[in-house]
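There are 2 protein chains.
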Amino acid sequence: IVTLRAVTREYSGGVVALSDVNLDIENGELLAIVGPSGSGKSTMLNVMGTLDRPSSGQVVVDGFDLADLSDREVSALRAFRIGFVFQQFHLAPGTSALDNVADGLLYTGIGRKERRERAEAALQRVDLGHRLTHRPHELSGGEKQRTAIARAVVREPTLLLADEPTGALDSHSGEGVMRLLLDLNETGTTVVVITHERMVASSLPRQVTMLDGEVVDDRKMAVA
Amino acid sequence: IVTLRAVTREYSGGVVALSDVNLDIENGELLAIVGPSGSGKSTMLNVMGTLDRPSSGQVVVDGFDLADLSDREVSALRAFRIGFVFQQFHLAPGTSALDNVADGLLYTGIGRKERRERAEAALQRVDLGHRLTHRPHELSGGEKQRTAIARAVVREPTLLLADEPTGALDSHSGEGVMRLLLDLNETGTTVVVITHERMVASSLPRQVTMLDGEVVDDRKMAVA
Ligand SMILES: Nc1ncnc2c1ncn2[C@@H]1O[C@H](COP(=O)(O)OP(=O)(O)OP(=O)(O)O)[C@@H](O)[C@H]1O
Ligand SMILES: Nc1ncnc2c1ncn2[C@@H]1O[C@H](COP(=O)(O)OP(=O)(O)OP(=O)(O)O)[C@@H](O)[C@H]1O
Ligand SMILES: [Mg+2]
Ligand SMILES: [Mg+2]
Numbered sequence: 053i054v055t056l057r058a059v060t061r062e063y064s065g066g067v068v069a070l071s072d073v074n075l076d077i078e079n080g081e082l083l084a085i086v087g088p089s090g091s092g093k094s095t096m097l098n099v100m101g102t103l104d105r106p107s108s109g110q111v112v113v114d115g116f117d118l119a120d121l122s123d124r125e126v127s128a129l130r131a132f133r134i135g136f137v138f139q140q141f142h143l144a145p146g147t148s149a150l151d152n153v154a155d156g157l158l159y160t161g162i163g164r165k166e167r168r169e170r171a172e173a174a175l176q177r178v179d180l181g182h183r184l185t186h187r188p189h190e191l192s193g194g195e196k197q198r199t200a201i202a203r204a205v206v207r208e209p210t211l212l213l214a215d216e217p218t219g220a221l222d223s224h225s226g227e228g229v230m231r232l233l234l235d236l237n238e239t240g241t242t243v244v245v246i247t248h249e250r251m252v253a254s255s256l257p258r259q260v261t262m263l264d265g266e267v268v269d270d271r272k273m274a275v276a
Numbered sequence: 053i054v055t056l057r058a059v060t061r062e063y064s065g066g067v068v069a070l071s072d073v074n075l076d077i078e079n080g081e082l083l084a085i086v087g088p089s090g091s092g093k094s095t096m097l098n099v100m101g102t103l104d105r106p107s108s109g110q111v112v113v114d115g116f117d118l119a120d121l122s123d124r125e126v127s128a129l130r131a132f133r134i135g136f137v138f139q140q141f142h143l144a145p146g147t148s149a150l151d152n153v154a155d156g157l158l159y160t161g162i163g164r165k166e167r168r169e170r171a172e173a174a175l176q177r178v179d180l181g182h183r184l185t186h187r188p189h190e191l192s193g194g195e196k197q198r199t200a201i202a203r204a205v206v207r208e209p210t211l212l213l214a215d216e217p218t219g220a221l222d223s224h225s226g227e228g229v230m231r232l233l234l235d236l237n238e239t240g241t242t243v244v245v246i247t248h249e250r251m252v253a254s255s256l257p258r259q260v261t262m263l264d265g266e267v268v269d270d271r272k273m274a275v276a
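Sequence order for the protein chains is D and X.
Numbering (the working numbering) for the first sequence: 53 to 276.
Numbering (the working numbering) for the second sequence: 53 to 276.
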């Protein structure tokens with residue numbers, strides 16, 4: 053569902069965030085991306101998720117070579133197919149947790165009442181049924197993270213890209229989130245998780261390791 | 053250096069973030085605050101750090117009962133004595149990593165050239181010597197976190213309050229940060245670390261456990 057070929061991403065000033073990356077992800081896979089701080093994980097996720105274009109190389113998502121699509125077509129592909137959990141959540145500030153999640157279903161043809169029902173169910177799934185009306189500044193760090201997760205999963209995307217989804221969570225909430233992602237994967241969603249937690253990484257069937265902008269290891273393991 | 057007596061913090065809407073908290077921290081201690089997401093850890097840290105006033109109860113910092121101080125006196129106490137690492141970093145957006153950290157030394161009587169030298173040394177200490185000129189949007193999640201840590205430690209505060217300082221870091225960078233905090237503690241700084249990582253918590257001599265706004269356990273352990 054995602055193919056990166058010789059992808060390089062360089063920033064002005066000479067920082068090479070990605071260097072000649074090759075990666076193939078099959079539809080329905082579940083994998084972890086690991087590596088030190090600054091090694092290019094978030095950059096690679098953004099390129100996979102069409103949020104960033106590489107300096108060189110080819111990116112194919114869901115069968116489409118991104119170089120052949122207009123910006124408008126890329127936006128549509130992203131909106132309909134890809135769900136994101138960002139490293140810093142990016143929730144809408146003045147908006148309740150419920151509406152933040154419900155807005156994840158805008159433009160899907162689902163009516164307002166049902167969007168809110170599905171949003172409530174998603175929030176209950178991450179144990180935030182008691183925080184529906186809180187706005188982001190009224191939520192703890194881990195509650196913001198769980199709200200961002202609920203928003204990403206509520207539209208059951210084809211591809212879910214999660215950047216450190218358990219970074220702000222204690223082990224109990226973190227396990228709950230990983231169970232949710234596993235369940236999503238079982239219903240067909242391709243799930244890619246950036247994580248620096250080895251427990252999380254080793255519980256997934258495949259680990260891609262990055263170092264200094266390169267993929268240095270890519271292995272399938274028996275699930276721990 | 054910090055005493056909380058019967059501290060309660062209630063938000064409008066009825067959420068009780070802290071409930072009858074009693075806590076004594078001696079000068080020079082090193083401890084971890086642990087507990088599930090939403091249990092009140094950040095709220096307690098903000099109260100200890102004078103960023104938030106309790107709904108009821110007494111807060112004594114560095115010998116001063118905060119209820120006796122004017123807002124201006126509280127600000128001065130905080131600026132001179134307390135260093136913070138926030139759960140979401142709060143770096144100044146248009147400003148380089150170097151200046152973000154150097155600004156941590158403003159109003160200390162240290163001249164600009166020396167502020168920048170000390171800032172550079174602090175950033176090198178967290179392995180960011182190669183990112184001095186990058187602004188926050190040009191830094192990875194873990195690099196932002198390390199910049200926030202450098203800014204908090206550069207003025208060698210009396211009391212350092214760190215909210216999930218290794219949350220965005222791989223194990224190698226995370227260990228580096230913990231070594232930095234241990235070194236700071238050895239030179240006399242009282243260090244309080246909120247963490248959801250058990251490895252980090254068990255490596256510190258005391259663990260305070262929170263649940264639903266209450267302190268449910270407070271124990272000194274032999275260091276692992
Ligand atoms: N302004 C607010 N209004 C209402 N409730 C709030 C507000 N700020 C925080 N809360 C609630 O207070 C509780 C404690 O928040 P706090 O940030 O202290 O938790 P925490 O232990 O730091 O959690 P985490 O591990 O997720 O960071 C949370 O359940 C949160 O929803
Ligand atoms: N706009 C930018 N300009 C210059 N350099 C940048 C920019 N954005 C990111 N970088 C650099 O690119 C490198 C890779 O960043 P990226 O965010 O992908 O790392 P990461 O592996 O996600 O790190 P972390 O684990 O800390 O989140 C970092 O060293 C960072 O400093
Ligand atoms: Mg990142
Ligand atoms: Mg918190």
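From the three backbone atoms N, C-alpha and C, an ideal C-beta is built for every residue, glycine too.
message: Check whether chain D comes within 8 Å of X/E195, counting only Cβ atoms and requiring the distance to be less than that.
response: Counting from one through the second sequence, the residue named residue 195 of chain X turns up at place 143. Interface residue, yes.
C-alpha gap between X/D270 and D/A144, whole angstroms: Walking along the second sequence from the start, residue 270 of chain X turns up at place 218. Walking along the first sequence from the start, residue 144 of chain D turns up at place 92. Whole-angstrom Cα-Cα distance: 37 Å.
query: Do D/L191 and ligand 1 come close, with the Cβ less than 7 Å from some heavy atom?
result: For the purposes of this step, residue 191 of chain D is identified with residue 139 of the first sequence, where counting begins at 1. Yes, Cβ of D/L191 sits closer than 7 Å to a heavy atom of ligand 1.
query: From X/R203, X/A58, X/G219, X/G109, pick the residue whose C-alpha is nearest to that of X/H248; which is it?
result: Start at 1 with the first residue of the second sequence, and residue 248 of chain X comes out as number 196. If we check each option's Cα against that of X/H248, X/G219 comes out closest.
task: Mind listing the chain X neighbours of D/S192? Cutoff is C-beta to C-beta under 7 Å, in chain order.
output: Position 140 of the first sequence, counting from 1, holds the residue named residue 192 of chain D. Neighbours of D/S192 on chain X, chain order: S89, G90, S94.
message: If the criterion is Cβ atoms closer than 8 Å, does the pair X/L129 and X/D117 meet it?
response: The residue given as residue 129 of chain X occupies position 77 in the second sequence. The residue given as residue 117 of chain X occupies position 65 in the second sequence. Against a cut-off of 8 Å, the Cβ pair of X/D117 and X/L129 comes out as no contact.
query: Using a threshold of 7 Å, is the CB atom of X/H142 nearer than that to any non-hydrogen atom of ligand 1?
result: Counting from one through the second sequence, the residue named residue 142 of chain X turns up at place 90. No, Cβ of X/H142 sits at least 7 Å from all heavy atoms of ligand 1.
Interface flag, D/A214 vs chain X, CB-CB below 8 Å: Here residue 214 of chain D refers to the residue found at position 162 of the first sequence. No - not a single Cβ of chain X is within 8 Å of the one on D/A214.
- prompt: Apart from the five residues just before and just after D/V111, which ones in its own chain have a Cβ nearer than 7 Å to its Cβ?
  reply: Counting from one through the first sequence, the residue named residue 111 of chain D turns up at place 59. These residues qualify, in order along the chain: L56, V59, V99, L118.
field: Rounded straight-line distance, which links the Cα of D/R164 to that of D/T73
entry: Your numbering for residue 73 of chain D matches position 21 in the first sequence. Your numbering for residue 164 of chain D matches position 112 in the first sequence. Here the sequence assigns Val to residue 73 of chain D, which means Thr is not the residue at that position. Cα to Cα, D/V73 sits roughly 42 Å from D/R164.
query: CB of D/K93 to nearest heavy atom of ligand 3: below 7 Å?
result: Residue mapping note: residue 93 of chain D aligns to position 41 of the first sequence, counting from 1. At least one heavy atom of ligand 3 falls within 7 Å of the beta-carbon of D/K93.
query: Closest Cβ-Cβ distance between D/H224 and chain X: below 8 Å?
result: Against the first sequence, residue 224 of chain D aligns to sequence position 172. Closer than 8 Å to some Cβ of chain X, the Cβ of D/H224 qualifies, so yes.
message: For X/M230 and D/L158, what's the separation of their Cα atoms in angstroms?
response: Translated into positions along the second sequence, residue 230 of chain X becomes position 178. Translated into positions along the first sequence, residue 158 of chain D becomes position 106. When rounded, the distance between both Cα atoms is 43 Å.
task: May I ask you to list, following chain order, the residues of the stretch 117-148 of chain X that have a beta carbon less than 8 Å from some beta carbon of chain D?
output: Q139, Q140
message: Would you say D/G156 lies against chain X (beta-carbon separation less than 8 Å)?
response: Here the question's residue 156 of chain D lines up with position 104 in the first sequence. Not one chain X Cβ lies under 8 Å of D/G156.
field: Pick from D/D222, D/M251, D/P257 that is closest to D/N237, judged by C-alpha positions
entry: In the first sequence, the residue the question calls residue 237 of chain D occupies position 185. Closest option to D/N237, Cα to Cα, is D/P257.
message: Among X/R198, X/R167, X/A84, whose alpha-carbon lies nearest the alpha-carbon of X/G181?
response: Numbered from 1 along the second sequence, position 129 holds the residue referred to as residue 181 of chain X. Of the listed residues, the one whose Cα sits closest to X/G181 is X/R198.
message: Which residue wins for smallest C-alpha separation from X/N79, given the options X/R187, X/S64, X/V137, X/P209?
response: Counting from 1 along the second sequence, the entry for residue 79 of chain X is found at position 27. Of the listed residues, the one whose Cα sits closest to X/N79 is X/P209.
- prompt: Which ranges does the beta strand (DSSP E) cover as unbroken runs of at least 3 residues, wholly within the stretch 156-220 of chain D, from first to last along the chain?
  reply: Within the stretch 156-220 of chain D, the complete beta strand (DSSP E) segments of 3 residues or longer fall at 211-215, listed in chain order.
Own chain residues within Cβ distance below 7 Å of D/S94, not counting five before or after: Residue 94 of chain D sits at position 42 when you count from the first residue of the first sequence. Close CB contacts of D/S94 within its chain, under the 7 Å cut and outside five residues either way in sequence, are with Q139, D215, I246 (chain order).
- prompt: Would you say X/Y63 faces chain D, with C-beta separation under 8 Å as the test?
  reply: Here residue 63 of chain X corresponds to residue number 11 of the second sequence, with the count starting at 1. Yes, X/Y63 lies at the interface with chain D (some Cβ there is under 8 Å from its Cβ).
- request: Within the stretch 96-163 of chain X, note down every full alpha helix (DSSP H) run reaching 4 residues or more, in order along the chain.
  value: 123-133, 149-154
Through-space distance from D/S127 to D/I134, alpha-carbon basis: In the first sequence, the residue the question calls residue 134 of chain D occupies position 82. In the first sequence, the residue the question calls residue 127 of chain D occupies position 75. Each residue's Cα considered, the two are about 10 Å apart.
- prompt: Cβ of D/H224 within 7 Å of any heavy atom in ligand 1?
  reply: In the first sequence, the residue the question calls residue 224 of chain D occupies position 172. No, the Cβ of D/H224 stays beyond 7 Å of every heavy atom of ligand 1.
field: Three-way DSSP call (helix, strand, coil) for X/L56 in this model
entry: As a first step, residue 56 of chain X must be located in the second sequence, where it is residue number 4. X/L56 falls in the strand class under three-state DSSP.
message: Against D/A174, what residues of chain X qualify as contacts under a CB-to-CB distance less than 8 Å, listed in chain order?
response: Reading the first sequence from its first residue, position 122 is the one you call residue 174 of chain D. What D/A174 touches in chain X: nothing, since even the nearest Cβ is about 17 Å away.
message: Output needed for D/E195: all residues of its chain with C-beta closer than 7 Å, excluding positions within five of it in sequence on either side, in chain order.
response: Here residue 195 of chain D refers to the residue found at position 143 when the first sequence is read from its first residue. L180, R183, listed in sequence order.
message: Less than 8 Å between the beta carbons of D/V153 and D/A171, yes or no?
response: Numbered from 1 along the first sequence, position 101 holds the residue referred to as residue 153 of chain D. Numbered from 1 along the first sequence, position 119 holds the residue referred to as residue 171 of chain D. Yes, the Cβ-Cβ distance between D/V153 and D/A171 is below 8 Å.
message: I'd like to know if X/L221 contacts chain D, where contact means its C-beta is closer than 8 Å to some C-beta of that chain.
response: Translated into positions along the second sequence, residue 221 of chain X becomes position 169. Taking Cβ atoms only, chain D reaches closer than 8 Å to X/L221, which makes this a yes.
message: Which of the three DSSP states is assigned to D/E238 in this structure?
response: For this step, residue 238 of chain D is matched to residue 186 along the first sequence. Correct three-state label for D/E238: helix.
query: Nearest to D/S254 by alpha carbon, out of D/R61, D/E81, D/I85, D/S64?
result: For the purposes of this step, residue 254 of chain D is taken as residue 202 along the first sequence, with counting starting at 1. Checked all of D/R61, D/E81, D/I85, D/S64; the closest Cα to D/S254 is D/I85.
field: Alpha carbon of D/S223 to alpha carbon of X/P88, nearest angstrom
entry: To locate residue 223 of chain D, count along the first sequence from 1; it is residue 171. To locate residue 88 of chain X, count along the second sequence from 1; it is residue 36. If I take the Cα positions, the gap works out to 8 Å.
- request: Counting only the same chain and skipping the five closest in sequence on each side, list residues whose C-beta sits under 7 Å from that of D/P188.
  value: Position 136 of the first sequence, counted from the start, is the residue given in the question as residue 188 of chain D. For D/P188, where only same-chain residues beyond five positions count, the Cβ hits under 7 Å are L143, P145, K196.
message: Any heavy atom of ligand 5 inside 7 Å of the beta-carbon of X/R170?
response: With respect to ligand 5, the structure offers nothing, as its ligand set consists of ligand 1, ligand 2, ligand 3 and ligand 4.
task: Run the CB neighbour count on D/E125, radius 10 Å, all protein chains shown included, and call it buried at 16 or more, exposed below.
output: Here residue 125 of chain D refers to the residue found at position 73 of the first sequence. The residue in question, D/E125, is exposed, as its Cβ has fewer than 16 Cβ neighbours within 10 Å.
- request: At 9 Å on the CB atoms, spell out the chain X contacts of D/H189, in chain order.
  value: For the purposes of this step, residue 189 of chain D is taken as the residue at position 137 of the first sequence. Chain X residues near D/H189: none, gap ~11 Å exceeds 9 Å.
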